[in-house]
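Presented below is the structure to which this report refers.
Protein chains: 2
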Amino acid sequence: MLSQTVEYALRAMVYLASAEEEVCPVDEVAEGTKVPPSYLSKVLQNLNRAGLVQSKRGLQGGYHLSKDPTETTILDVVNAVEPIERIHTCPLELKSHGTNLCPLHRRLDSAMAEVERAFGTTTLQELITDPSPSVPLCDFPCPKRSTGAE
Amino acid sequence: MLSQTVEYALRAMVYLASAEEEVCPVDEVAEGTKVPPSYLSKVLQNLNRAGLVQSKRGLQGGYHLSKDPTETTILDVVNAVEPIERIHTCPLELKSHGTNLCPLHRRLDSAMAEVERAFGTTTLQELITDPSPSVPLCDFPCPKRSTGAE
DNA sequence: TTTAAATCGGACATTCTTATCCAATTTAAA
DNA sequence: TTTAAATTGGATAAGAATGTCCGATTTAAA
Numbered sequence: 264m265l266s267q268t269v270e271y272a273l274r275a276m277v278y279l280a281s282a283e284e285e286v287c288p289v290d291e292v293a294e295g296t297k298v299p300p301s302y303l304s305k306v307l308q309n310l311n312r313a314g315l316v317q318s319k320r321g322l323q324g325g326y327h328l329s330k331d332p333t334e335t336t337i338l339d340v341v342n343a344v345e346p347i348e349r350i351h352t353c354p355l356e357l358k359s360h361g362t363n364l365c366p367l368h369r370r371l372d373s374a375m376a377e378v379e380r381a382f383g384t385t386t387l388q389e390l391i392t393d394p395s396p397s398v399p400l401c402d403f404p405c406p407k408r409s410t411g412a413e
Numbered sequence: 264m265l266s267q268t269v270e271y272a273l274r275a276m277v278y279l280a281s282a283e284e285e286v287c288p289v290d291e292v293a294e295g296t297k298v299p300p301s302y303l304s305k306v307l308q309n310l311n312r313a314g315l316v317q318s319k320r321g322l323q324g325g326y327h328l329s330k331d332p333t334e335t336t337i338l339d340v341v342n343a344v345e346p347i348e349r350i351h352t353c354p355l356e357l358k359s360h361g362t363n364l365c366p367l368h369r370r371l372d373s374a375m376a377e378v379e380r381a382f383g384t385t386t387l388q389e390l391i392t393d394p395s396p397s398v399p400l401c402d403f404p405c406p407k408r409s410t411g412a413e
């Protein structure tokens with residue numbers, strides 16, 4: 264139900280969140296998240312345009328989050344890539360329905376609303392420092408890159 | 264987030280539910296639901312294979328529900344056309360995760376679970392006889408077809 | 001028996017999603 | 001200053017979703 268692209272974007276964001284202080288090149292993120300590198304490149308460009316990540320070109324360049332992981336929710340990422348479409352008017356465009364939705368579309372929309380709510384209340388920070396100890400984090404390794412000084 | 268095909272299938276099922284006693288030809292359903300007739304034809308064929316509707320070929324033929332509207336939920340329709348994919352194992356296939364999900368995928372899956380729950384608890388019957396009077400039904404007209412005896 | 005209304009299935013067209021590749025550009029380090 | 005690492009944007013391609021068309025078949029009614 265969520266697109267592949269959304270899945271990739273979320274993985275990348277979680278990866279970058281767990282690598283907070285560093286700048287990560289696409290190829291590293293791609294390896295850590297098992298996303299096709301050339302496609303991930305496009306996804307990250309979109310996230311950049313959406314203002315969720317920042318890029319640094321050239322040697323020692325790459326991507327990093329533009330905000331603190333506490334400031335970005337799952338919903339922010341989803342909406343940046345493929346917005347959740349709420350149903351505001353009857354898709355049949357029946358004149359008899361103003362802004363009212365028929366029972367079917369009211370149900371569909373409230374399911375979407377519930378998803379929005381759930382995604383909107385979880386930040387990247389919560390994902391990387393998870394309260395439940397029984398379930399391990401995705402072990403995004405985020406290898407500390409050589410800084411040249413070690 | 265839901266595909267166009269799911270939307271069409273749900274409209275058609277609601278239409279047929281509100282036309283319960285009759286057999287409706289594709290063109291009639293298509294007009295009532297504003298779905299492209301030739302595409303709806305394919306959708307109804309799928310719903311037929313999934314056992315949700317029955318078809319009757321030839322003159323005076325068409326489609327009708329195979330079960331009582333109280334017996335079919337929104338989820339049944341969705342799953343017949345484009346099943347909601349629950350996340351059972353980490354999509355990254357990390358060996359360190361057995362059947363455990365990382366925090367990200369646990370959240371995504373529980374959102375899917377919530378949608379499943381919501382869709383699974385609403386029947387077609389509930390959609391056509393809606394409790395809330397303030398919001399009108401989609402006025403699927405379902406014209407009573409001439410029976411030749413009137 | 002003929003005719004017309006219907007579904008059925010296959011072939012096809014179009015558009016969107018997913019994915020790849022490469023030349024151009026930027027930039028830090030050697 | 002040169003080099004290599006990196007993003008950027010464009011072109012392109014494969015596949016899936018969406019949509020159309022038509023001949024074959026079925027079936028009730030005239």
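Protein chains in written order, with my numbering: chain A, 264 to 413; chain B, 264 to 413.
Glycine included, each C-beta is placed from N, C-alpha and C at the ideal position.
Would residue i count as contacting chain A if we go by Cβ distances under 8 Å?
| i | result |
| --- | --- |
| R370(B) | yes |
| L390(B) | yes |
| L328(B) | no |
| L310(B) | no |
Considering only their Cβ atoms, is the gap separating residue j from residue i smaller than 8 Å?
| i | j | result |
| --- | --- | --- |
| M276(B) | V341(B) | no |
| A381(B) | A280(A) | no |
| T385(B) | R370(A) | yes |
| V292(B) | Y326(B) | yes |
| I350(B) | E379(B) | no |
| S329(A) | V344(A) | no |
| L265(A) | V289(A) | no |
| V286(B) | G324(B) | yes |
| P332(A) | L387(A) | yes |
| Y271(A) | L303(A) | yes |
| L355(A) | G383(A) | no |
| E377(B) | E389(A) | no |
List the endpoints of the continuous beta strand (DSSP E) containing residue i.
| i | result |
| --- | --- |
| H368(A) | Unbroken run through H368(A) is the alpha helix (DSSP H), 366-383; no beta strand (DSSP E). |
| G325(B) | 325-328 |
| K305(A) | No beta strand (DSSP E) holds K305(A); the alpha helix (DSSP H) holding it covers 300-312. |
| V286(B) | V286(B) -> no beta strand (DSSP E), and no H or E assigned at all. |
| K297(B) | Run containing K297(B): none; DSSP gives neither H nor E here. |
Cβ closer than 7 Å: which chain B residues qualify as neighbours of residue i?
| i | result |
| --- | --- |
| D393(A) | P366 |
| A374(A) | V378, A381, F382 |
| I273(A) | Here residue 273(A) is Leu; the residue named in the question, Ile, does not match the sequence. Here the neighbours are L367. |
Chain B beta carbons: is any one of them nearer than 8 Å to that of residue i?
| i | result |
| --- | --- |
| V277(A) | yes |
| E294(A) | no |
| L322(A) | no |
| E270(A) | yes |
| P399(A) | Summary for P399(A): the model assigns pLDDT 43, below 50, so the residue's position carries little reliability; its value from the coordinates is reported in the next sentence. Output row for P399(A): interface = yes. |
Which stretch, first to last residue, makes up the alpha helix (DSSP H) that contains residue i?
| i | result |
| --- | --- |
| V340(B) | 337-344 |
| V269(B) | 267-281 |
| I391(A) | 387-391 |
Using a Cβ cut-off of 7 Å, pull out every chain A residue sitting near residue i, in sequence order please.
| i | result |
| --- | --- |
| K297(B) | L355 |
Given that residue i touches chain A, what residues does it touch there, using C-beta distances under 8 Å?
| i | result |
| --- | --- |
| L414(B) | Limits of chain B in this structure are 264 at one end and 413 at the other, which puts residue 414(B) out of reach. |
| E348(B) | M264 |
At a CB-CB cut-off below 8 Å, which residues of chain B make contact with residue i?
| i | result |
| --- | --- |
| E291(A) | Residues of chain B passing the Cβ test: none, with the nearest at roughly 15 Å. |
| T385(A) | R370 |
* To do: Count the C-beta pairs between the segment 362-371 of chain A and the segment 305-316 of chain A that are closer than 8 Å, then say yes if the count reaches three, no if not.
  => no
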